[in-house]
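Under this note's numbering, the first residue of the sequence shown is numbered 28, with each subsequent residue one higher.
Every residue gets a Cβ at the ideal spot worked out from N, C-alpha and C, and that includes glycine.
No experiment lies behind these values; they were computed from the predicted model shown.
Here's the structure, in structure tokens; my notes come after.
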Amino acid sequence: LVSKMVSSCAVCSAPASQQCAGCQQIVYCGRDHQRQHWKTTHRRECHCYRVVENACLGRYMVATRNIRQGEVIFRDLPAVVGPKMASVPVCLGCNRDLFPPVGQTDVPNRFFECSRCGWPVCGAECETAEQHRPECSIMTGSSYRPKIYPSWDDPSKRESAYCVIVPLRVLLLQNHAPDTWDRVQRLESHVEERLKSPLYEVVRSNLVPFVRSVLGLQQYSAETILEICAILDTNCFEIRLPKRQTKVRALYPLGAMLSHDCRPNTKHYFDEALHMVLVATVDIQRGATISTSYTQPLLSTLHRRLALKQSKHFECLCERCNDPTELGTNLSGFRCPECRKGIVLSAQPCNPQSVWRCRQQNCAFSETTTAYAARFTQLQQQLLSLNRTEPSEYEAFIQQHQSTVHGWNAFVLQAKYALIQLLDRPPTVKLEQPDSGSEERLHRTVELCRDLLDVANRLEPGLGFFRVKLLVTLEKALATLRHCSPKFCFA
């Protein structure tokens, strides 16, 4: 942050005290030099964050000034965007899902294909799309032509041929965008750990020879190709834009600098231009770490940490993970089978071998992590086996386990949230003439939303997606009840 002892104008180096309000990192001797610097340089560099580094977190972002709730922190363009490793057919020009051409009986089983490289695209316009040109040139010069055809029986069929596209686009940055290539190469990869996995044996056996031999890109070593794949797997974000029929992955240089926290202070979304837009969900104090979350809020500590270890290759040590009660929710716990009063929680949540003990005074019940994992694997399997379109099955699950675990146990909460989404479906009756069943569903929605909002206030406060979704659903249910029953009133 700007030193109060030595402050000199960024333009003329004279003593200065007028601070840039945007970043609070630079001072000026007066407004003239501030305007001059803004026009020539500082407009591109003025941010409310800076990237720092330490041995524990690596590189991460901290706030350079107080950031208000709801404030946009940055908009980041992707360094590269494209299909996931295995993807449904997508256009390499505009990233939209592809659908078989209708009414063209002469080619009923083919997509429109790029006239040069043969990869499926939307049409002639997408053949020349900027993001497709580099790989198109390389593919055209090879003998390879993909065999990706419409699957009428299974439209969701994923094609493994797409695994080459995004790594290839990164490799080709070295020639047409060297600055971006340098930024990407400096990102964390965890490649040593990833090389031990079966997936990377497949990458080594298939993708590496495809790039080097089939495409003839001998200048890229096997180590470089594997490193790029690991960088992508560590840092890419999945983009889902249903209205655009888009589901791809993208690498954002600024997004990759965000530290993970299971109780994040930001959320992000992707606009129509595929910018990543980062928004503060709560007030962030100057000097605080700017964080995001790569997991779901209703997962238990054991499951969150396992997912992060498997996908991102790091051990989360955030406040929530270190707190046996998970910020007062007891989300990982279950009701003690001996005293029936206490909640059984891990003594050391960040230690996979920790014993689990009842928190009730004078109760000696305990069990191993292995026993705990077996208990909750059974619960998880039961939850996953439910009919996802049938509210009564979720109700039965909740009623069955609220007494044996507790109402805020992770799996009970997941069932409640799934039930909210089922009950929130558009009514099949007119609002002016609701039946008793419709009104009952609305009352149940209100009850569940209020219950989960108490959880969200602890785990994802402020403007987090989970809490906002609950608030919107709650307000919609309340408004419908008021409309249907004018005498109805909530305290």
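Unbroken stretches of the alpha helix (DSSP H), 4 residues or longer, contained in the stretch 370-402: none
Check Pro147 in the structure and name its three-state DSSP category. If you number the sequence shown from 1, residue 147 lands on position 120. Strand at Pro147.
Suppose the cutoff is 8 angstroms on Cβ atoms and the five residues either side in sequence are ignored; what does the same chain contact list for His203 look like? For the purposes of this step, residue 203 is taken as the residue at position 176 of the sequence shown. Excluding sequence neighbours, His203 sits near Pro161.
Kindly indicate which residue of Pro116, His60, Trp435 and Arg313 has the alpha-carbon position closest to the one of Arg362. Residue numbering aside, residue 362 sits at position 335 when the sequence shown is read from its first letter. Ranking Pro116, His60, Trp435 and Arg313 by Cα distance to Arg362 puts Trp435 first.
Inter-residue spacing [alpha-carbon to alpha-carbon] between Ala398 and Arg185: Taking the first residue of the sequence shown as position 1, residue 398 is located at position 371. Taking the first residue of the sequence shown as position 1, residue 185 is located at position 158. Going from the Cα of Ala398 to the Cα of Arg185 covers about 37 angstroms.
Are there 16 or more other CB atoms within 10 angstroms of the CB of Val99, so buried, or fewer, so exposed? Position 72 of the sequence shown, counting from 1, holds the residue named residue 99. With a 10 Å radius around the Cβ and a threshold of 16 neighbouring Cβ atoms, Val99 comes out exposed.
Kindly confirm or deny that the stretch 151-165 and the stretch 205-212 touch, where touching means at least three C-beta pairs closer than 8 angstroms. no
Got a sec, what are the start and stop residues for the beta strand (DSSP E) Glu80 sits in? The sequence position of residue 80 within the sequence shown is 53, counting from 1. Taken as a continuous stretch (DSSP letters only), the beta strand (DSSP E) holding Glu80 covers Tyr76 to Asn81.
Within 10 Å of its beta-carbon, does Glu459 have 16 or more other beta-carbons around it, so buried, or fewer, so exposed? Numbered from 1 along the sequence shown, position 432 holds the residue referred to as residue 459. Interpretation of Glu459 is limited by its pLDDT of 49, a score under 50 that renders its predicted location unreliable; the figure taken from the coordinates is listed afterwards. Classification for Glu459: exposed.
Reference Ala82; option with closest CA among Phe341, Tyr296 and Gly168: Position 55 of the sequence shown holds residue 82. Among Phe341, Tyr296 and Gly168, the Cα nearest to that of Ala82 is on Phe341.
Whole alpha helix (DSSP H) elements within the stretch 154-189, 4-residue minimum: 160-167
Helix, strand or coil, according to DSSP, for Ala277 in the structure here? For the purposes of this step, residue 277 is taken as residue 250 along the sequence shown, with counting starting at 1. Residue state, collapsed to three classes: strand.
Judging by CA-CA distance, which residue of Thr67, Arg477 and His428 is the nearest neighbour of Leu406? Stepping through the sequence shown from its first residue, residue 406 is reached at position 379. Ranking the options by Cα distance to Leu406, first place goes to His428.
Tell me, which residues are paired with Asp103 by DSSP? Taking the first residue of the sequence shown as 1, we reach residue 103 at position 76. Its beta-bridge partners are Met303.
Do Ile258 and Ala90 have their beta-carbon atoms positioned less than 8 angstroms apart in this structure? On the sequence shown, residue 90 is found 63 positions in, with the first residue counted as 1. On the sequence shown, residue 258 is found 231 positions in, with the first residue counted as 1. Contact flag unset, no.
Tell me whether Phe492 sits in a helix, a strand or coil according to DSSP, three-state version. Residue numbering aside, residue 492 sits at position 465 when the sequence shown is read from its first letter. The answer is helix: DSSP assigns Phe492 an H, G or I state.
CB-CB under 7 angstroms to Asp260, same chain, minus the five flanking residues each way: which ones, in chain order? As a first step, residue 260 must be located in the sequence shown, where it is residue number 233. Closer than 7 angstroms at Cβ, skipping near neighbours: Arg221.
Determine, using beta carbons only, whether Tyr227 and Leu253 come nearer to each other than 8 angstroms. Looking up residue 227 in the sequence shown gives position 200. Looking up residue 253 in the sequence shown gives position 226. Yes, these two residues count as a Cβ contact at 8 angstroms.
Put Asp124 into one of helix, strand or coil per three-state DSSP. Against the sequence shown, residue 124 aligns to sequence position 97. Of the three classes helix, strand and coil, the one that applies to Asp124 here is strand, per DSSP.
Just to confirm the assignment, what range does the beta strand (DSSP E) spanning Ala90 have? Counting from 1 along the sequence shown, the entry for residue 90 is found at position 63. That run of the beta strand (DSSP E) goes Gly85 to Ala90.
Verify whether the separation of the beta carbon atoms of Arg143 and Thr167 is less than 8 angstroms. Position 116 of the sequence shown, counted from the start, is the residue given in the question as residue 143. Position 140 of the sequence shown, counted from the start, is the residue given in the question as residue 167. Yes, the pair counts as a contact, with Cβ atoms nearer than the cut-off.
Where the alpha helix (DSSP H) containing Arg213 begins and where it ends: Along the sequence shown, read from residue 1 onward, the residue named residue 213 stands at position 186. Neither: Arg213 is in no alpha helix (DSSP H) and is coded neither H nor E.
Beta-carbon proximity of Cys348 to Ser320, cut-off 8 angstroms: To locate residue 348, count along the sequence shown from 1; it is residue 321. To locate residue 320, count along the sequence shown from 1; it is residue 293. At least 8 angstroms separates the beta-carbon of Cys348 from that of Ser320.
Can you tell me which of the three DSSP states Thr261 falls into? One-based indexing of the sequence shown puts residue 261 at position 234. In this structure, Thr261 counts as helix in the three-state DSSP scheme.
How big is the Cα-Cα spacing for Arg477 and Val230? By 1-based counting over the sequence shown, the position of residue 477 is 450. By 1-based counting over the sequence shown, the position of residue 230 is 203. The straight-line gap separating the alpha-carbon atoms of Arg477 and Val230 is approximately 47 angstroms.
Counting along the chain, where does the beta strand (DSSP E) carrying Tyr296 start and finish? Looking up residue 296 in the sequence shown gives position 269. Tyr296 -> beta strand (DSSP E) spans Thr293 to Phe297.
Among residues of its own chain, excluding the 5 on either side of Thr356, which ones have a beta-carbon nearer than 6 angstroms to its beta-carbon? Within the sequence shown, the letter at position 329 stands for residue 356. Around Thr356: Trp435, Val482 and Arg485.
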